[in-house]
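**Q** Can you keep this structure in mind? I'll have questions shortly.
2 protein chains.
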Amino acid sequence: MPKPTPKRAAAKAPATAAAEREPRGARRKRETRARLLEAALRLMARKGMEGVAINEITEAADVGFGSFYNHFESKEAIYEALMDQVFEDFGDALDILVRDIADVAEVIAICVRHTLLRARREPIWGQFLIREGFSARVLERGLGQRLLRDIQKGIAARRFTTKDPLMSFVAVGGTVLAAISAELQFGSAQGPQAAMLAALGVSGEGLAGRAAAAILQTLGLAPKEAEAIARRPLPVVEAGG
Amino acid sequence: MPKPTPKRAAAKAPATAAAEREPRGARRKRETRARLLEAALRLMARKGMEGVAINEITEAADVGFGSFYNHFESKEAIYEALMDQVFEDFGDALDILVRDIADVAEVIAICVRHTLLRARREPIWGQFLIREGFSARVLERGLGQRLLRDIQKGIAARRFTTKDPLMSFVAVGGTVLAAISAELQFGSAQGPQAAMLAALGVSGEGLAGRAAAAILQTLGLAPKEAEAIARRPLPVVEAGG
DNA sequence: TTCATAAATGATCATTTTGTCAATTATGAT
DNA sequence: ATCATAATTGACAAAATGATCATTTATGAA
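Here the protein sequences line up with chains A and B, keeping their order.
Its first residue numbered 2, the first sequence is counted upward by one per residue in this note's numbering.
Its first residue numbered 2, the second sequence is counted upward by one per residue in this note's numbering.
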């Protein structure tokens, strides 16, 4: 065990202090690590963890082959780090985003739309999400836990009329993943498929709002109210320091 | 191109004729091919196509390594054959099963429940389904096409009140896959997780009926009717020759 | 039984991939 | 400037994998 792979990158530099607080060497190290993670995300989103070779990652990251093992013990290790970064960080970001929203229905609408918008903006991220979205880790921890908790809260508050919390949880999660998949597929649709999609009303604005509305209806809101909530302006994500 | 890999196994032996109609050699060949496919399904469902080596497949199938290439040109080839067998054959089976059902809502309820029941009965099949269920091939052809067609039919017949056929399609498909995932995860739940599941009403009968009911509600049926349709007895699958 | 054909088999080789390591380079304190 | 430490690097050996092929075995007709 040459290196226990620190659990989190955790840039501890206090935002208030001078920018020179972090030594150059440390930053260099952080950056190559970040480059490796980014390259791994891009490749693994497309071909899966097993489908990419380590030298592919280092070449895509423009980093010497040996450097890989300075940061990760193995392919499995970088994959783990990737899961943590992608899912937990995103969950935390969502938490901050809806911190001040009182209505559970709106919380869910915002989370759903934000997820879909990000998947649209960063297709690689979206691909990774749908590839790993059904894994036990995501379902049980992070995003899954959060969603299940919100649904139960909504039921307790009589905001949702669903009788079957687990099934609602499953339906909402599955719908989000499938919507991402649809968006990614349709985003690059060509030929005869494009015509069918146009007939189904797939346009430039994406599926975010429509998915949120459908999900709120699934949870028991009336169609009109679901539509209304799904159209409310999104809170802006604060530019992270 | 040493061998074009026959498009389908297609055991043409007429069930009525004597059992000796098929020469032993042909049957032997069919059987090793089937063994290879079964082993590949089991392994690829767990580790993905790229994650399994050919010798793993042949060893799991208890077949000589070289035999692999008597039946498939490459790993991609057996993967293709697997996709065909799993998705298209299942789609055809569903078609036969609902051939005589007039009500679109019941057609969908039956398909959903049959899919979930089979995934429960054959977890490996289910795992493969959720792993590949978002691939373009499944969405566009086979099961996806079928589902989209049924939804549009239901809307045209004013059986479904959905205003957004594409979103409904996405939601139904995603819900089915997520339900399979949940079933597989929960089927092997241990420890503290089990308590939470019990609280959510996860019992032995599985999620099939509940998923079907939720899906029919998503399509616009009233909860009570959705429940009723989702509980109707399933048509028995005819024992195939 | 004999024989031609089809299928199965594992040894073999080329290529890919992994993991290690000594050498090189960058960093930051003295 | 000097030096100890940390990080990066690519060459290398070992292991894994893909694919080929001559040989063996099974099959079924003559």
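Positions of the beta carbon are idealized from the N, C-alpha and C atoms, including for glycine.
Just to confirm my understanding: we take residue 180 of chain B, look at its own chain, exclude 5 residues before and 5 after, and list those with CB closer than 7 Å. What are they?
**A** So the qualifying residues of the chain are 117, 208, 212.
**Q** Would residue 174 of chain A count as contacting chain B if we go by Cβ distances under 9 Å?
**A** Answer yes: the Cβ-Cβ gap between residue 174 of chain A and chain B drops below 9 Å somewhere.
**Q** For residue 66 of chain A, which of helix, strand or coil comes out of DSSP?
**A** If DSSP states are grouped into helix, strand and coil, residue 66 of chain A belongs with the helices.
**Q** Excluding sequence positions up to five away, which residues of its chain have a Cβ less than 7 Å from the Cβ of residue 17 of chain A?
**A** Per-residue confidence for residue 17 of chain A stands at a pLDDT of 39, beneath the threshold of 50, marking its modelled position as unreliable; no derived number is given.
**Q** With burial defined as no fewer than 16 other Cβ atoms inside 10 Å of the residue's Cβ, what is the status of residue 88 of chain B: buried or exposed?
**A** It counts as buried.
**Q** Identify every run of the alpha helix (DSSP H) within the segment 68–135 of chain B, keeping only runs that are complete inside it and at least 4 residues long; order them along the chain.
**A** Listed in chain order, they are 69–72, 76–84, 90–98, 105–122, 124–133.
**Q** Using 10 angstroms around the beta-carbon of residue 169 of chain A, count the other beta-carbons present and answer buried if the total reaches 16, otherwise exposed.
**A** Buried.
**Q** Distance cutoff 9 Å, beta carbons only. Does residue 164 of chain A sit that close to anything in chain B?
**A** Judged by the 9 Å Cβ criterion, residue 164 of chain A is in contact with chain B.
**Q** From this set, A:131, A:55, A:145, A:48, which residue's C-alpha is nearest residue 96 of chain A's C-alpha?
**A** Looking at the Cα atoms, A:145 is the closest of the given residues.
**Q** Mind pulling the chain A residues with CB within less than 8 Å of residue 52 of chain B?
**A** The contacting residues are 49, 50, 51, 52.
**Q** Say whether chain B places a C-beta atom closer than 9 Å to the C-beta of residue 194 of chain A.
**A** Yes, because at least one Cβ of chain B sits closer than 9 Å to the Cβ of residue 194 of chain A.
**Q** Does any residue of chain A have a CB that is nearer than 9 Å to the CB of residue 168 of chain B?
**A** Residue 168 of chain B counts as touching chain A.
**Q** Residues of chain A with CB under 7 Å from residue 212 of chain B, in chain order?
**A** By Cβ distance, chain A contributes 168.
**Q** Name, going along the chain, the residues of the segment 114–139 of chain B whose beta-carbon falls closer than 7 Å to a beta-carbon of chain A.
**A** Against chain A - using a Cβ distance shorter than 7 Å - the residues of the segment 114–139 of chain B are 131, 135, 137.
**Q** Reducing DSSP to helix, strand and coil, say where residue 160 of chain A ends up.
**A** In the structure shown, residue 160 of chain A sits in coil (DSSP, three-state: anything other than H, G, I, E or B).
**Q** Please report whether the beta-carbon of residue 1 of chain B lies at a distance below 9 Å from any beta-carbon of chain A.
**A** Past the edges of chain B, shown from 2 to 242, lies residue 1 of chain B, and the structure says nothing about it.
**Q** Any idea if residue 158 of chain A is buried or exposed, counting beta-carbon neighbours within 10 angstroms, 16 or more meaning buried?
**A** The residue in question, residue 158 of chain A, is exposed, as its Cβ has fewer than 16 Cβ neighbours within 10 Å.
**Q** So which of A:91, A:60, A:224, A:238 has the shortest CA-CA distance to residue 162 of chain B?
**A** When only C-alpha atoms are compared, the closest one is A:224.
**Q** Quick test of the definition: if touching needs 3 or more C-beta pairs under 8 Å, does the segment 40–51 of chain B touch the segment 73–92 of chain B?
**A** Short answer: they touch.
**Q** Counting only beta-carbon atoms, is residue 40 of chain B nearer than 9 Å to chain A?
**A** Chain A contact via Cβ: absent.
**Q** Could you pull the start and end residues of the alpha helix (DSSP H) that residue 45 of chain A belongs to?
**A** Segment 25–48, the alpha helix (DSSP H) holding residue 45 of chain A.
**Q** Determine the direct distance from the alpha carbon of residue 90 of chain A to that of residue 11 of chain A, and round the result to whole angstroms.
**A** With a pLDDT of 41 at residue 11 of chain A, under the threshold of 50, the predicted position of this residue should be treated as unreliable, though the coordinate-derived value follows. Using only the alpha carbons, I get a separation of about 11 Å.
**Q** Identify, in the order they occur along the chain, each residue of the same chain with its Cβ nearer than 7 Å to the Cβ of residue 243 of chain A, setting aside the five sequence neighbours on each side.
**A** Shown here, chain A extends from 2 to 242; a query on residue 243 of chain A therefore has no answer.
**Q** Helix, strand or coil, according to DSSP, for residue 191 of chain A in the structure here?
**A** Note: residue 191 of chain A maps to coil in three-state DSSP.
**Q** Would residue 216 of chain A count as contacting chain B if we go by Cβ distances under 9 Å?
**A** Yes, residue 216 of chain A counts as interfacial toward chain B.
**Q** Quick one: does residue 65 of chain B have its CB under 9 Å from some CB of chain A?
**A** Not one chain A Cβ lies under 9 Å of residue 65 of chain B.
**Q** Shortest alpha-carbon distance to residue 185 of chain B belongs to which of B:125, B:147, B:221?
**A** Checking every option, the nearest Cα to that of residue 185 of chain B belongs to B:125.
**Q** For residue 143 of chain B, which three-state DSSP category applies?
**A** Of the three classes helix, strand and coil, the one that applies to residue 143 of chain B here is helix, per DSSP.
**Q** Determine, using beta carbons only, whether residue 202 of chain A comes closer than 9 Å to chain B.
**A** Chain B, which has a Cβ nearer than 9 Å to the Cβ of residue 202 of chain A, makes this yes.
**Q** Does the CB of residue 107 of chain B have a neighbour CB from chain A at under 9 Å?
**A** Not an interface residue.
**Q** Rounded to the nearest angstrom, what separates residue 106 of chain A and residue 218 of chain A at their Cα positions?
**A** For residue 106 of chain A and residue 218 of chain A, the distance between alpha carbons rounds to 10 Å.
**Q** Can you say whether residue 235 of chain A is buried or exposed, counting buried as having 16 or more other CB atoms within 10 angstroms of its CB?
**A** Residue 235 of chain A is exposed by the Cβ-count criterion.
**Q** Do we get a CB-CB distance below 9 Å when we pair residue 180 of chain B with the residues of chain A?
**A** At least one chain A Cβ lies under 9 Å of residue 180 of chain B.
**Q** Taking just the CA atoms, how far does residue 129 of chain A sit from residue 4 of chain A?
**A** A caution first: residue 4 of chain A carries a pLDDT of 37, below 50, which makes its placement in the model unreliable, though a value can still be read off. Distance between the alpha carbons of residue 4 of chain A and residue 129 of chain A: 27 Å.
**Q** Run down chain A in chain order and give the residues with a C-beta less than 9 Å from the C-beta of residue 208 of chain B.
**A** Residues of chain A passing the Cβ test: 167, 168, 171.
**Q** Would you kindly work out how many angstroms separate the C-alpha atoms of residue 227 of chain A and residue 214 of chain A, rounded to a whole number?
**A** Their Cα atoms are separated by approximately 5 Å.
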